[in-house]
Amino acid sequence: MCSDVLLCHQDTIVEGRARGFDVHDEGTDVLFVVRHRGQLYAWRNDCPHNRAPMAWQRDEYLNAAGTHIECHAHGALFALDTGLCVRGPCIGESLTREALCVDASGNVYWRNPNQ
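The number in this note's numbering is simply the position in the sequence shown, starting from 1, with 8 added.
Given below as C-alpha cells:
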C-alpha cells in the first residue's frame with residue numbers, strides 16, 4: 009500500500025506525454041511525470057544547467073516530437089527514461105529522479121514529499 013502525496017490516477021498521464029504537479033500549491037510544479045513505453049517516470053522540475061523550471065507552459069515538458077524532455081529555457085534535451093542530458097549545455101548531467109508508488113487502484117503517489 010502506498011502513502012505519501014497523492015498525485016493523480018495513472019490513466020490521466022497518457023503515453024508520450026507529461027504532467028506537472030504543484031504539490032505545495034505555490035504556483036510552480038515541483039515535479040513532473042512522464043509516461044514512456046507504459047512506464048511512469050517522475051523528475052524534479054529543475055534543470056541541472058540553470059536550476060530553472062523546465063516547461064514553457066503548463067504540462068509542456070517534452071519536445072515537439074515527444075521523444076525527449078526539453079528544458080525550454082535553453083533547449084537541452086533529456087532521455088525520457090534516464091533523465092540524462094543528451095544535447096545542450098548540461099550534456100552528461102541528469103535530471104533528479106523522484107520516487108513514485110502506484111497502488112492497486114492505479115493511484116500515483118509521490119514517495120519523497122519532504123525533498
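Positions of the beta carbon are idealized from the N, C-alpha and C atoms, including for glycine.
Rank the options by C-alpha distance to the C-alpha of residue i and give the top, closest one.
{"i": "residue 58", "options": "102, 40, 12, 20", "result": "102"}
{"i": "residue 50", "options": "100, 97, 27, 20", "result": "27"}
{"i": "residue 38", "options": "114, 47, 53", "result": "53"}
{"i": "residue 96", "options": "14, 55, 32, 35", "result": "55"}
{"i": "residue 36", "options": "98, 84, 78, 65", "result": "65"}
Residue j and residue i - do their beta-carbons sit closer together than 7 Å?
{"i": "residue 60", "j": "residue 81", "result": "yes"}
{"i": "residue 16", "j": "residue 116", "result": "yes"}
{"i": "residue 44", "j": "residue 92", "result": "no"}
{"i": "residue 98", "j": "residue 112", "result": "no"}
Among the residues of its own chain, which have a CB less than 7 Å from the CB of residue i, if the five just before and after it don't count?
{"i": "residue 114", "result": "17, 18, 19"}
Enumerate in chain order the residues of its own chain whose CB-to-CB distance from residue i is below 6 Å, with the five nearest sequence positions on each side excluded.
{"i": "residue 124", "result": "This structure leaves residue 124 out entirely; the chain is present only between 9 and 123."}
{"i": "residue 31", "result": "13, 38"}
{"i": "residue 69", "result": "26, 40, 62, 63, 77"}
Within the same chain, show all residues whose beta-carbon is closer than 8 Å to that of residue i, passing over the 5 residues directly before and after it, in chain order.
{"i": "residue 67", "result": "25, 26, 27, 28, 40"}
{"i": "residue 21", "result": "27, 41, 42, 43, 48, 116"}
{"i": "residue 94", "result": "76, 85, 86, 87"}
Every unbroken beta strand (DSSP E) inside the segment 62 to 108 [3 residues or more]: 93 to 95
Completely contained beta strand (DSSP E) runs for the segment 12 to 60, where each covers 3 or more residues: 13 to 17, 26 to 29, 39 to 44, 47 to 52
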